[in-house]
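Participant:
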Amino acid sequence: MKYDIQDLLIDVIEESLKGLGMSMSVRPAYLDLPGDPRFGDLSTNIALQLSKQVSRPPRDIASDMVAAIKKRLAESPAGVLVEDIRIEGPGFINFYLSPNYFYSEILEIVRTQGEALKSAKGKSLPVLIEFVSANPTGALSVAHARQAAVGDALASILDFMGFKVTREYYLNDEGNQINILGNSVELRMKELAGEKIDFPEDHYQGDYIYDIAKVAKAGLPQGIELRDFAAGFILDVIRKELDDFGVKFDSWYSQKELGKRGLIEDALDYLKKQGFVYTEDGATWFKSTQFGDDKDRVVIKSDGAYTYLAPDIAYHREKYRRGFKWLINFWGPDHHGYINRLKAAVEALGNPKDSLSIIIVQLATIYRDGKQLHMSTRKGQYITLREVLDEVGKDAARFFFMMRRTASHLDFDLDIAKKHSSENPVYYVQYAHARICSILKNSPAASGACDIDLSVLKEKEELALLKKIWQFYSVLDICLATQDPYMLTVYLQALAESFHKFYDLHRVLGTDDKLTRARVTLIEAVKIVIASGLGLLGVSRPESM
RNA sequence: GCGCCUGUAGCGCAACGGAUAGCGCACUAGCCUCCGGAGCUAGUGGUGUGGGUUCGAUUCCCACCAGGCGCACCA
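What follows is the structure, encoded as structure tokens:
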């Protein structure tokens, strides 16, 4: 991007305030895209905010501010990009940007084939995004699927914004659940051998246990225990599922290794030295209440075994030691009660509280034929990622999982996701992309961009489309601030809509040369932004459908 | 009982604390001699209840009502 006009204006506004003897930080929240295009391209309510503080009517303050801002802008190279500043309504200051600004942004996007859309805001900060991390005891469920879609998309977005992102899967490859898995397979092997067995209810009931038992019966590799073999078997399945879903992890972190390297003991020793660990009732406790948790938490049970928290503390200690400055964890809603104790641990280890972001990914309820599908992990009856993938495909699945805020429940209607019609938002967006590709294919005018004059784009729909393209930057900022790719799905639908409206009223090809070249450039920019956006979400960008 | 999420049009959803609360589906009426009709245009219709904070509340706070999920020396 040539000018980050939003940042630039925030600076100017803050300086102007200082000059007027008022001071207030103009966080991006105070300089905003107005919902309605009639109120300009950027808008600030800061005069309204200041009104009480300085006991003056908002419009008076706004009037002083506008004068000061105009003066400063006149000295700035970007001053020409602001066409008008108006005080409107109760005291909003609305900035009307020059069409030239939008033209130059569009040219830049096309000239760089989308490179200009990227930013360096992340300043190469090392971020570790941990998600899915399902126990290798069964196939991935829809809950994991949503985590996979959201986590992967946020990782892509942060990467696009200049963070140094690592995607990690934490592998619970030892502990109770793995033991139970091993037992489950062992019992099924005996059963297959004709023995009469009593299969406990808390064991894994699914048919896949038989599959593993059959393979294991043929003989295990040297030195491999049955439970590890079983976990490895399932892990291969999980990897394949994620691969087919288009999610690639940079790193798989083994809990077992953590123990082997003595890092759990190390971490607890460290906490002990800091005075955050004590013994009571034969168990060892972490003083999490000291960091805002409701009650202290056991880390070593009275039988001598670690609770889940102990390796997790060590694991997060390692994340920081490996150099990551920002940790983002995606968890299912069942882990909600676990947030405070892990945050407490991170703080006790001497890290800033807000360097750990925990995002709860709410469950998706699956509907088929208008009816909700119920699931139960214990009985081995749950909708798997594989089933959703087979039924609706990767594109629809990924897009649908992000169509609601991550923290909100999601109703996933398989029938709609399958439809190739206007009811299906994925196809609405993809259709716009395909349509543009089709036009560009028929276009004699290669865009070439550099010497193209976009100032002939004056129609209402053209200007709306220009501005909508430009809003991509703000949408990414929102995704970063909320740590949620959700807004991107909303934006892409709006962009596609804006394009379809333009297309319906104006011809791209077959008008006069100058106009055709300008419009070809415009729609190419739309194509690039849609392609970037869909790419970040992990959805394909078909050139024809 | 405690915690989290959600209550907006017939249905599914949107709106950093802002300006006349938007969109899709459905329903009604239109738009293909023309770059892809998987599209576009128009019409109908709405903030769970009661307080509070604010210049301004769908949004924040409190209480209540309704729905979903979670609450271990499980992972």
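Residues in the first sequence are numbered from 32 upward in steps of one, following the numbering used here. Note that the Cβ used here is the ideal one computed from N, Cα and C, for glycine as well.
Count the other CB atoms within 10 Å of the CB of Arg409; is the residue buried (16 or more) or exposed (fewer)?
Facilitator: Here the model assigns Arg409 a pLDDT of 48, short of 50, so the residue's position is not dependable, and the following value carries that caveat. Its Cβ having fewer than 16 others within 10 Å, Arg409 is exposed.
Participant: Could you check the C-alpha separation between Ala174 and Ile414 for me, to the nearest Å?
Facilitator: Using only the alpha carbons, I get a separation of about 9 Å.
Participant: Kindly list the residues whose CB is nearer than 8 Å to the CB of Tyr127, restricted to its own chain and excluding five residues on each side of it in sequence; keep chain order.
Facilitator: Excluding positions up to five away in sequence, the list reads Gly71, Asp72, Val113, Glu114, Asp115, Ile116, Arg117.
Participant: Ala314: which of Phe264, Ile331, Gln253 sits nearest, CA to CA?
Facilitator: For Ala314, the nearest C-alpha among the options comes from Ile331.
Participant: Do Gly145 and Ala99 have their C-beta atoms closer together than 8 Å?
Facilitator: Cβ atoms of Gly145 and Ala99: not closer than 8 Å.
Participant: Along the chain, which unbroken stretches of the alpha helix (DSSP H) at least 4 residues long are found entirely within the region 272 to 296?
Facilitator: Here the runs fully enclosed are 286 to 291.
Participant: Using the three-state DSSP reduction, which class does Lys489 fall into: helix, strand or coil?
Facilitator: Lys489 falls in the coil class under three-state DSSP.
Participant: What separation, rounded to the nearest whole angstrom, lies between the Cα atoms of Asp385 and Ala512?
Facilitator: For Asp385 and Ala512, the distance between alpha carbons rounds to 13 Å.
Participant: From Asn76 to Gly569, what distance separates their C-alpha atoms?
Facilitator: So the alpha carbons of these two residues sit roughly 36 Å apart.
Participant: My assumption, with CB atoms under 8 Å, is that Leu185 sits in contact with Gln514. Please give the rounded CB distance.
Facilitator: That belief holds up - the Cβ atoms of Leu185 and Gln514 are roughly 6 Å apart, short of 8 Å.
Participant: Apart from the five residues just before and just after Ser215, which ones in its own chain have a Cβ nearer than 7 Å to its Cβ?
Facilitator: Taken in chain order, the residues that qualify are His234, Tyr235, Ile240.
Participant: Could you pull out every residue in the same chain whose Cβ sits closer than 8 Å to the Cβ of Leu289, ignoring the five residues on either side in sequence?
Facilitator: Same-chain partners within the cutoff: Ile295, Pro342, Ala345, Tyr346, Glu349.
Participant: At a cut-off of 7 Å, is Val308 close to the ligand MG when judged by its beta-carbon and the heavy atoms of the ligand?
Facilitator: Questions concerning the ligand MG fall outside what the structure shown contains, since it holds no ligand whatsoever.
Participant: Taking the beta carbon of Ser74 as the centre, do at least 16 other beta carbons fall within 10 Å, making it buried, or is it exposed?
Facilitator: Ser74 should be labelled buried.
Participant: In its own chain, which residues sit with a C-beta less than 7 Å from the C-beta of Phe533, not counting the 5 before and 5 after it?
Facilitator: Closer than 7 Å at the Cβ level, and outside the excluded window around Phe533, lie Glu492, Glu493, Leu496.
Participant: Using three-state DSSP, classify Thr315 as helix, strand or coil.
Facilitator: Correct three-state label for Thr315: strand.
Participant: By Cβ distance, which residues of its chain are closer than 7 Å to Val181, with the 5 residues on each side in sequence left out?
Facilitator: Answer for Val181: Phe361, Val392, Phe432, Met433, Thr437, Pro516, listed in chain order.
Participant: Could you tell me the distance, in whole angstroms, from the CA atom of Ile41 to the CA atom of Ile470?
Facilitator: Answer to the nearest angstrom: the Cα atoms are 39 Å apart.
Participant: What are the boundary residues of the beta strand (DSSP E) that Ala395 is part of?
Facilitator: Where Ala395 is concerned, the enclosing beta strand (DSSP E) stretches over 395 to 399.
Participant: Give the secondary structure of Gln80 by DSSP, where H, G and I count as helix, E and B as strand, and everything else as coil.
Facilitator: Correct three-state label for Gln80: helix.
Participant: One question on the structure: do Arg270 and Leu212 come within less than 8 Å of each other, judged by their Cβ atoms?
Facilitator: The answer is no: Cβ separation not under 8 Å.
Participant: Decide if His605 is buried, meaning its Cβ has at least 16 other Cβ atoms within 10 Å, or exposed.
Facilitator: Since the first residue shown for the chain is 32 and the last is 576, residue 605 is missing from the structure and cannot be characterised.
Participant: Under 8 Å, do Ser563 and Leu148 count as touching if we go by C-beta distance?
Facilitator: The answer is yes: Cβ separation under 8 Å.
Participant: Thinking Ile397 and Leu445 are a contact (beta carbons under 8 Å), I'd like their distance in whole angstroms, please.
Facilitator: Contact flag correct, Cβ pair sits at about 6 Å.
Participant: In whole angstroms, what is the alpha-carbon distance linking Asp267 and Asp274?
Facilitator: Cα-Cα distance, rounded: 10 Å.
Participant: How many angstroms separate the CA atom of Arg353 from the CA atom of Val196?
Facilitator: So the alpha carbons of these two residues sit roughly 13 Å apart.
Participant: My parser needs the alpha helix (DSSP H) runs of 4 or more residues fully inside the region 327 to 412; what are they?
Facilitator: Whole alpha helix (DSSP H) segments, 4+ residues: 340 to 352, 370 to 379.
Participant: How would you label Gly4, buried or exposed, when you count the other beta carbons within 10 angstroms and need 16 or more for buried?
Facilitator: Residue numbering for the chain in the displayed model covers 32 to 576; residue 4 lies beyond these limits and cannot be assessed.
Participant: How many Å lie between Ile255 and Lys248 at the Cα?
Facilitator: Going by the C-alpha atoms only, they are around 13 Å apart.
Participant: For Gly566 and Lys245, I'd like the C-alpha separation in whole angstroms.
Facilitator: Rounded to the nearest angstrom, the two C-alpha atoms are 41 Å apart.
Participant: For Leu488 versus Ala556, is the C-beta distance shorter than 8 Å?
Facilitator: No, these two residues do not count as a Cβ contact at 8 Å.
Participant: Can you pull the DSSP bridge partners for Val196?
Facilitator: BP columns for Val196 point to Val158.
Participant: Taking Asp281 as the reference, give the member of Tyr309, Glu311, Leu404, Arg198 with the closest Cα.
Facilitator: If we check each option's Cα against that of Asp281, Arg198 comes out closest.
Participant: Under the rule that 16 or more other beta-carbon atoms within 10 Å means buried, what is Arg501, buried or exposed?
Facilitator: Contrary to the premise, residue 501 reads as Trp rather than Arg in this sequence. Counting Cβ neighbours within 10 Å, Trp501 comes out buried, since at least 16 surround it.
Participant: Rounded to whole angstroms, how far is the Cβ of Pro157 from the Cβ of Phe355, which I believe are closer than 8 Å?
Facilitator: Confirmed, about 5 Å.
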